[in-house]
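K.L.:
Take this structure first; my questions come after.
Chains as they are written, first to last, in this note's numbering: chain U, 5 to 114; chain C, 69 to 301.
What follows is the structure, encoded as structure tokens:
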């Protein structure tokens, strides 16, 4: 059964999946998602930060200030153990959604 | 060079967070905007156009402000509510009722308030446990201290310390109109006087005793705050 929070869940899945590869700061995170989805998923500042803060409050990610190579202070986000645990049910939901849509479109085209 | 931070400070002027947390959000968003603009400039876009495109990421700053605030404080509100209201309330309730039970079992005989008719007591009757009433300000003070220490507002503090008398208050508030309606139809009339004496003995007197303790803590903490302000100024 696909839950009602699937829309928000997909955005959270995108963030958690990208952070699984390593810590990133907000701007880089948005760019990485855009690059990896070939522009299909884009996060503006207004969409990204409330979501990051909410995920941080839930304990899925943790932000910490770091000095980048350019000497600029940036807040880097990394996945927490709770975030890693959250990834697998989210992936399952996501796969279920795509499976359902695939079955549906096949029926429609038959 | 554009001062993105000042710009974000102005746009997020309504952001009601702790000063340190607010400063972090502002710095983070300003860095994001700065990097976006720099990237656009690297792609050869003119500065004014780059700034306009950067700022177009946020259509409604007021809305963003509310969403950030809600994301940052929603979970806190839940835990704060527990610390500032529910925990002191339940502790006050537990101590108040536990002490009443102990006094009823092992304490001195209660003070019976009633009109005497020869050898018999005639209603209205109230059973007043004086040692219990005298100990309530201490319990109230404890509840108030816990709520205050967790950063509770005055409302949270006073609500948590009168929490033990609220069930009795609800009972009397429900009983009064019910009595007013059904009094004439009952074989044994219920006396309004008894109900008001009960209201005094189980709601007003214990409530006032609990509040007295809370008030002491409130006065004490206000004085401490004033003296700290005086030292800092």
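Where is the CB? At the ideal position from N, CA and C, for every residue including glycine.
Here the structure is a predicted model, which means the values were calculated and not measured.
Is the segment 157–166 of chain C close to the segment 199–207 of chain C, with three or more CB pairs under 8 Å?
P.N.:
Flag = yes, the segment 157–166 of chain C and the segment 199–207 of chain C touch.
K.L.:
Going by C-alpha to C-alpha distance, which of 24/U, 41/U, 70/U and 30/U sits closest to residue 51/U?
P.N.:
30/U
K.L.:
Using a C-beta cutoff of 9 Å, does residue 142/U count as contacting chain C?
P.N.:
With chain U covering only 5 through 114, there is no way to say anything about residue 142/U.
K.L.:
Using the Cβ count rule (16 or more neighbours within 10 Å means buried), how would you classify residue 88/U?
P.N.:
exposed
K.L.:
Given that a residue counts as buried once 16 or more other Cβ atoms are within 10 Å of its Cβ, and exposed if not, what is residue 37/U?
P.N.:
With 16 or more other Cβ atoms within 10 Å, it is buried.
K.L.:
Would you decide whether residue 160/C is buried or exposed? Buried here means 16 or more other CB atoms lie within 10 Å of its CB.
P.N.:
buried
K.L.:
In whole angstroms, what is the alpha-carbon distance linking residue 277/C and residue 215/C?
P.N.:
Cα to Cα, the separation comes out at about 17 Å.
K.L.:
Since residue 122/C and residue 78/U should fall inside the 8 Å C-beta cutoff, what is the C-beta to C-beta distance between them, to a whole number of angstroms?
P.N.:
Not quite, the Cβ-Cβ distance comes to about 17 Å (not below 8 Å), so this is no contact.
K.L.:
With 16 as the cutoff for other CB atoms within 10 Å, does residue 102/U come out buried or exposed?
P.N.:
exposed
K.L.:
Closer than 9 Å between beta carbons: that is the criterion. Which residues of the segment 98–130 of chain C meet it against chain U?
P.N.:
Here the close residues are 99, 100, 101, 102, 103, 104, 107, 122, 124, 125, 126, 127, 128 and 129.
K.L.:
Name the DSSP bridge partner or partners of residue 68/U?
P.N.:
80/U
K.L.:
So residue 50/U contacts chain C; which residues on that side make the cut at Cβ distance below 9 Å?
P.N.:
125, 126, 127, 128, 129, 131, 132 and 135
K.L.:
By the DSSP assignment, the alpha helix (DSSP H) with residue 213/C in it spans what residues?
P.N.:
198–217
K.L.:
Just how far apart, CA to CA, sit residue 260/C and residue 177/C?
P.N.:
26 Å
K.L.:
Tell me, please, whether the CB atom of residue 206/C is closer than 9 Å to any CB atom in chain U?
P.N.:
no
K.L.:
Closer than 7 Å by C-beta to residue 200/C: which residues in its own chain qualify, once you throw out the five before and the five after it? Chain order, please.
P.N.:
For residue 200/C, the CB contacts under 7 Å within the same chain, skipping 5 residues up- and downstream, are 167, 168 and 171 in chain order.
K.L.:
Do you know whose CA, among 107/U, 62/U, 109/U and 76/U, lies nearest residue 16/U's CA?
P.N.:
In this structure, 62/U is the residue among 107/U, 62/U, 109/U and 76/U with its C-alpha nearest to the C-alpha of residue 16/U.
K.L.:
Who are the neighbours of residue 95/C on chain U, taking C-beta pairs under 9 Å?
P.N.:
69, 77 and 79
K.L.:
Determine, using beta carbons only, whether residue 92/C comes closer than 9 Å to chain U.
P.N.:
yes
K.L.:
Within the continuous alpha helix (DSSP H) that includes residue 112/C, where are the two ends?
P.N.:
No alpha helix (DSSP H) holds residue 112/C; DSSP gives it neither H nor E.
K.L.:
Please report the Cβ distance between residue 83/C and residue 133/C, rounded to the nearest whole angstrom; I am assuming they are in contact, meaning their Cβ atoms lie under 8 Å.
P.N.:
Indeed, because the Cβ distance is near 5 Å, the residues count as touching under 8 Å.
K.L.:
CA-CA distance, residue 86/U and residue 56/U?
P.N.:
15 Å
K.L.:
Tell me whether residue 194/C sits in a helix, a strand or coil according to DSSP, three-state version.
P.N.:
strand
K.L.:
Would you kindly check if the distance between the Cβ of residue 64/U and the Cβ of residue 28/U is under 9 Å?
P.N.:
no
K.L.:
Do residue 244/C and residue 272/C come within 9 Å of each other at the CB atom, strictly closer than that value?
P.N.:
no
K.L.:
Compare the beta carbon distance of residue 136/C and residue 101/C with 9 Å and say whether it is the shorter of the two.
P.N.:
no
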